[in-house]
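Undergrad: Quick one: the structure is below, questions incoming.
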Amino acid sequence: MTESSIKKLASTLLDAITDKDPVVQEQVCSALCSLGEVRPVETLRTCEEYLRQHDKLAHPYRAAVLRAMERVLSSRASELDKDTASTIILLASSEMTKTKDLVWDWQQAASGVLVAVGRQFISKVMEELLRKLHPGTLPHCAVLHTLASLSVANAFGVVPFLPSVLSSLLPVLGMAKQDTVRVAFCSALQRFSEGALEYLANLDRAPDPTVRKDAFATDIFSAYDVLFHQWLQSREAKLRLAVVEALGPMSHLLPSERLEEQLPKLLPGILALYKKHSETFYLSKSLGQILEAAVSVGSRTLETQLDALLAALHSQICVPVESSSPLVMSNQKEVLRCFTVLACSLPDRLLAFLLPRLDTSNERTRVGTLQVVRHVINSAAAQMEDKKPFILSSMRLPLLDTNSKVKRAVVQVISAMAHHGYLEQPGGEVMIEYIVQQCALPPEQEPEKPGPSSKDPKADSVRAVSVRTLYLVSTTVDRMSHVLWPYLLQFLTPVRFTGALTPLCRSLVHLAQKRQEAGADAFLIQYDAHASLPSPYAVTARLLVVSSSPYLGDGRGVAALRLLSVLHPNIHPLLGQHWETTVPLLLGYLDEHTEETLPQEEWEEKLLMFLRDTLAIVSDNAWICQLSLELCRQLPCYDETPQEKNFLYKCIGTTLGAASSKEVVRKHLQELLETARYQEEAEREGLACCFGICAISHLEDTLAQLEDFVRSEVFRKSIGILNIFKDRSENEVEKVKSALILCYGHVAARAPQELVLAKVESDILRNICQHFNTKVLGVKVETKDPALKLCLVQSVCMVSRAICSSTQAGSFHFTRKAELVAQMMEFIRAEPPDSLRTPIRKKAMLTCTYLVSVEPALDEQARADVIRGCLHSVMALLPEPEEEDGGCQKSLYLETLHALEGLLTSLLQRNMTPQGLQIMIEHLSPWIKSPRGHERARALGLSALLLRHFLEQLRVSALVPFHNLGLLVGLFSPRCADLWPATRQEAVDCVYSLLYLQLGYEGFSRDYRDDVAERLLSLKDGLVHPDPTILFHTCHSIGQIIAKRLPPDQLISLLLTMFEALGDPEKNCSRAATVMINCLLQERGGVLQEKVPEIVSVLRSKLQEAQGEHVLPAAQHSMYLLATQHCAAVVSSLLGSPLPLDSHTSMLWRALAVEPRLAAQVLGLLLEKMSRDVPFKESRAFLLGRTPDRVATLLPLSATCALFEVLSTPAAGPAVLELYPQLFVALLLRVSCTVGVQLPRNLQAQERRGASPALAARNLEPCSSAVDTLRAVLLRSGSEDVAQRMDLEGGWELLRTSAGHEEGATRLASGPLSQGHG
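Taking the numbering used here, the leading residue of the sequence shown gets 13, the next gets one more, and so forth.
This is the structure:
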């Protein structure tokens, strides 16, 4: 861009500077700065011209332009030529002093321009500023400010001008009356002094290296005299602070004798201000500078002022730092700086003041003193060198303080000591132990209120500070290496340092690696020279056991394993190669998991495998025995951590298993039995695991030791002692027995399979039962201790599992099987049926699962008892709790349910036939139909599981029928509409499995997928909806699928089973049954002709039993569907219904009239039935001479009644019109034939007793029934007038009597003819 375009662009931007929007103003300034970065001279000249030409521009806009110029100059001043610089200097000077009033924003902006130019053109700037200093006149405050800023920004350039500046300013100091002017003078003098001190400190780089302090001393003292004696007495706090700020650097420029002379007044004067000012940073900073100046001149006065100084400074450092203000924190640093100055000059006096204050019990005093001690140790190391023993001994009482703030301060002091060789002195070990103790603090002992400087309370806690300190001291302070190694090892084994294990291990790993780098001799530990160190066996035992809970204590498992790996040369020389390979694998496994996801048993097994491999590599019986001894010794250390103690027992068992000395093995086993804390459940479990693992290698010795213990005096005495305390004896004795029973169980589970079978009944079970069955005077007494019961169940379970897993299980005859199953069932039945409190039933069912798998097989009754008892024990439980209400309870419920599933599956496996499957489902059937939803859900879930298992295990060698398919499908399919969504889903799964079972029996392979059956899975989504329309539509679709895949021979059993479901108390299931029945009849009814009588009979009986209002319409539709396919069979079957017809049968007859074509068929068939037989038979009279009785025949009578029901349906109208002549003639003839005819005697008796409410309220008398039916024909055919006329004339009554029959017929005959039907 050309110069003119730059100027034009800059001018345009400057014109926009007056925009009222601050954002626009800021954007204009930014644009000017960007332009100035590219073309600084042109931009600056344009700005200068703009301000000069716009003299009336308001000062805020002028200030904005000046700030933009300053920003350009700050980075581009070196590119200016002298003329441009002079122009800018004149402009800025003019702008800065244009008004005498203080317009700080504007004047500061102009001052900033001068300072920025002054970095490159100091002479020109100083000349301009000196021109502003007029003798006898107070300078402009902005000029003072600019001179002060320049002194700091360009000390080398300003200091040569200082004499001239001071000579102009000092004469008018006395004229400054306004506080603002005085503050400006103080600031200027402070900066002048700081600039001079910088100049003097860097004479080698200064333009005039001959300059000395004396050049300023007189002038500075003159200024000091005014500031200290006059202005410091002001009531204005701001001025006093400005004076104090200036006095600090000025004190370094005072003549030595003048400073010495002033100190007795200066120091008390400064100290007195501490009481007047809340913000004391400037006081402390200035005091530190004065003290440095006094020390630099070798002042003797300082010592006389020391007590007052120390007291004032100490009170400042003891003020609690409650504020996070930077000034407050800075004040602390300045006070400590003062202490440093005093420590370097008067160390003995300082320590004599400080150390006694460590003995005080006041928190603030002790914390403050410790802060000073730490600072002095760091900052005055040379002066404190010969004071180390004195300082160490003075820490005795602070080490005992329990206050968390004091502890933090002590830890920080010890950290400083470590860096400066204190801990190498006698007594240093106490300090190290203190750090370790704080690392071992439990989290609950952390302070509630963290320090203000800490955002994370945990990061500021005593423990966190101590952990960081220990690690830093171990890794960064080289001189501490020989102090900490191997000393830190002795903290690994004591229980009280457990919480510090992770930081200890990390520090020891680093120290060990350093030693290894130094050479093998430096790394190997000389145990003889370090008697207090734990043995290699103790270290191995400790680190291995704590690794079992790897995520506790900030991940101590990783730290412990790393240390163990590093220490391998000190543990055994043969372990290096193996541990270098296996330990990284263990660490990698921990990296893959978290505390929540780690499978604890799997992790412990990996550690035990690591131990087994280690023992195998060492292969030294003496070493192994020593390790086992150490493991046993550490048992009491884990009394408060049951999980780790349990793992320790496993380690003992593993180690004893590797020992070749039988005497050592039996000795340790005996000691374990004698010292175990049997009241603790985890300990009983751990002891049993130990015996089980040991039995892998020492089965005979383990069993023998268990029997010896029971016979030993120790056992008998313990029982005797317990019997003294009658209230406790029974419970505690049973705890011992529980442990022994559990030991036998674990022995059976762990010992070699080929050896166990020979010992199961003769040794193991005999002792288990002996300990469980208590006899008093020869009578068996039932134990009340649930723990003993549970141990028995667990042990028998382990024994049974051991038998099952043996390769010789098939040939093993378990004689005590039935007895043990009965005992398990007794335990199960004893549990409360509605609640789940203990895992006994779960364990007992698991035991039965293994027991039923071994020979001999249970008889049918025993199997039934097991199934029935276990189902009742689980099914009747109340619904499982929600997770938030009881996670443990829900977990126990799920485990119990899984145990039941396993048992039922195992029982089914013993009889994998359709019959076996049906037996299992029959046991579940009452629960499937239960009125309680949760019981139905469980039963369907179990059924689905059993069917899946049966399907998965299905092996069909020959094509055989699945004879109970229909029955099972009929049982499950109505449950597809259960109120519980889960039950609906399980029901579909059951039907799905059954259809595939059928396909399997038909010869299809297991991996065959049937398109029709697979549609069931897609229908499951429709069962989620509570909307009845969707639900029953889905049920209809399921019915269609069943209809397509069900063999013809299974159809009737399916229908009959579904008819049973009509009476289901769950109305949804009853409705689903009706939907599916009708679907089946519609799809497959054509093959049911032979079964029609049975279907009609069952349907009639179910109608009488069913309560739901939905059943009758559905049954009517079923009858209709059946009749459309087998009309004659249905009519014949319904005619077999007893007379008088009940209301349900009547409704079934009426269902046949809903469709005209079917109605016509039915009417025709009924006319045929009515006409097929004679209307009556004559019976011989009992009395001679009496006319024989005419008794109606049953079939025509039934047909007449049926006709009446069909004709009563309005929908029958078209069919009646079609058959009107036949109906009219046949019925009129029927009326004529039955005049005077009697009912059969059995029906007469029913008539006399009166029809039940369920029967149709009709006259059954043959002639009357015929008349009523004839009347119905007239009404349904449209001859209502004839019927009504007959009613009015009594024609119907005439027809019923012998005397009036002809008359009645005559009257009737005239009606139809006149209506046109004749």
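Positions of the beta carbon are idealized from the N, C-alpha and C atoms, including for glycine. Fair warning: this is a prediction, and the values are worked out from it, not measured in the lab.
Output the boundary residues of the beta strand (DSSP E) element that contains ARG1202.
TA: Residues 1201-1204.
Undergrad: Which of the three DSSP states is assigned to PRO462 in this structure?
TA: Residue placement at PRO462 is poorly supported in this model, since its pLDDT is 45, which falls under 50; the coordinates still yield a value, given next. DSSP places PRO462 in coil when its eight states are reduced to three.
Undergrad: With a CB to CB cut of under 7 Å and the five nearest residues on each side skipped, what residues in its chain are close to LEU1255?
TA: Contacts found: LEU1151 and LEU1272.
Undergrad: Assuming VAL1003 and LEU979 are in contact, meaning their beta carbons sit under 8 Å apart, how far apart are those beta carbons, in whole angstroms?
TA: Actually they do not touch by this definition, with Cβ atoms about 13 Å apart.
Undergrad: Give the secondary structure of SER818 by DSSP, where H, G and I count as helix, E and B as strand, and everything else as coil.
TA: It is coil, neither helix nor strand.
Undergrad: Can you tell me whether ASN1080 is buried or exposed, with buried defined as 16 or more other CB within 10 angstroms of its CB?
TA: So ASN1080 counts as buried.
Undergrad: I'd like to check one pair, VAL385 with LEU412: are the Cβ atoms closer than 8 Å?
TA: No.
Undergrad: Is the region 230-242 touching the region 284-294, taking contact as three or more C-beta pairs under 8 Å?
TA: With the cut-off at 8 Å, the region 230-242 and the region 284-294 do not touch.
Undergrad: Which same chain residues end up closer than 6 Å to LEU752 when comparing Cβ atoms and leaving out the 5 residues on each side of it in sequence?
TA: These residues qualify, in order along the chain: HIS783.
Undergrad: Starting from GLU273, follow the alpha helix (DSSP H) in both directions and report where the run begins and ends.
TA: GLU273 -> alpha helix (DSSP H) spans 268-284.
Undergrad: Return the CA-CA distance between ALA1269 and LEU1219, expressed in angstroms with no decimal places.
TA: Since pLDDT at ALA1269 reaches only 44, below the 50 mark, its modelled position is unreliable, and the value read off the structure follows with that caveat. Near 16 Å, if we compare the C-alpha coordinates of LEU1219 and ALA1269.
Undergrad: Quick one: residues in its chain with C-beta nearer than 6 Å to the C-beta of ASP191, no 5 flanking neighbours on either side, listed in chain order?
TA: Taken in chain order, the residues that qualify are GLU248 and LEU251.
Undergrad: Find the nearest neighbour of LEU325 within the set THR352, THR995 and SER337, judged by alpha-carbon distance.
TA: Of the candidates THR352, THR995 and SER337, the one whose C-alpha sits nearest the C-alpha of LEU325 is THR352.
Undergrad: Could you tell me the distance, in whole angstroms, from the CA atom of PRO338 to the CA atom of TRP591?
TA: Each residue's Cα considered, the two are about 52 Å apart.
Undergrad: In the structure shown, what three-state DSSP assignment does LYS1189 receive?
TA: Residue state, collapsed to three classes: strand.
Undergrad: Would DSSP call GLN1250 helix, strand or coil?
TA: Looking at GLN1250 - three-state DSSP - the assignment turns out to be strand.
Undergrad: Please classify GLN274 as buried or exposed, where buried requires at least 16 neighbouring CB atoms within 10 angstroms.
TA: It is buried - the Cβ of GLN274 has at least 16 other Cβ atoms within 10 Å.
Undergrad: Cα-Cα, which of PHE659, HIS710 and LYS747 is closest to TYR690?
TA: With distances taken between Cα atoms, TYR690 lies closest to LYS747.
Undergrad: Apart from the five residues just before and just after LEU446, which ones in its own chain have a Cβ nearer than 6 Å to its Cβ?
TA: Contrary to the premise, residue 446 reads as Tyr rather than Leu in this sequence. LEU411.
Undergrad: Check whether the region 1066-1080 and the region 1018-1037 touch, using three or more Cβ-Cβ pairs below 8 Å as the test.
TA: Segments in contact, no.
Undergrad: Would you call the region 807-814 and the region 867-878 in contact, with 3 or more CB pairs under 8 Å?
TA: Because the criterion of three Cβ pairs below 8 Å is not met, the region 807-814 and the region 867-878 do not touch.
Undergrad: Flag ILE329 as yes when its Cβ comes closer than 7 Å to any non-hydrogen atom of the ligand NAD, and as no otherwise.
TA: Absent from the structure shown: the ligand NAD. Ligands present: none.
Undergrad: Find the nearest neighbour of GLY1290 within the set ALA1223, ALA1278, ARG64 and HIS1313, judged by alpha-carbon distance.
TA: Measuring from the Cα of GLY1290, the nearest candidate turns out to be ALA1223.
Undergrad: By DSSP, does ASP31 sit in helix, in strand, or in coil?
TA: ASP31: coil per DSSP, three-state reduction.
Undergrad: Mapping DSSP to helix, strand and coil, what is ASP1154?
TA: The answer is strand: DSSP assigns ASP1154 an E or B state.
Undergrad: Using DSSP bridges, identify the partner residues of GLU867.
TA: Answer by DSSP bridge pairing, in chain order: HIS825.
Undergrad: So the alpha helix (DSSP H) PRO1060 belongs to, where does it begin and stop?
TA: That run of the alpha helix (DSSP H) goes 1060-1073.
Undergrad: Could you give the first and the last residue of the continuous alpha helix (DSSP H) run that contains ALA1311?
TA: Segment: none, ALA1311 is in no alpha helix (DSSP H) and carries neither H nor E.
Undergrad: Going straight from the alpha carbon of LEU1063 to that of PRO973, what length do you get?
TA: Looking at the two C-alpha atoms, the distance is approximately 13 Å.
Undergrad: With DSSP as the reference, label GLU1121 as helix, strand or coil.
TA: If DSSP states are grouped into helix, strand and coil, GLU1121 belongs with coil.
Undergrad: Straight-line CA distance for LEU1067 to LYS1056?
TA: So the two alpha carbons sit approximately 14 Å from each other.
Undergrad: Just reading off the alpha helix (DSSP H) that ASN658 is part of, what are its end residues?
TA: ASN658 -> alpha helix (DSSP H) spans 654-670.
Undergrad: Could you tell me whether the region 1178-1187 touches the region 1206-1218, where touching means 3 or more Cβ pairs closer than 8 Å?
TA: Touching, yes, given that three or more Cβ pairs across the two stretches are closer than 8 Å.
Undergrad: Between the beta-carbon of GLN1250 and the beta-carbon of VAL1285, is there less than 8 Å?
TA: Contact flag unset, no.
Undergrad: Once the 5 residues before and after GLY1316 are set aside, which same chain residues still bring their CB inside 6 Å of it?
TA: Correct list, in chain order: GLY1303, LEU1306 and LEU1307.
Undergrad: Contact between the region 1089-1108 and the region 946-957: three or more CB pairs below 8 Å?
TA: No: fewer than three Cβ pairs fall under 8 Å.
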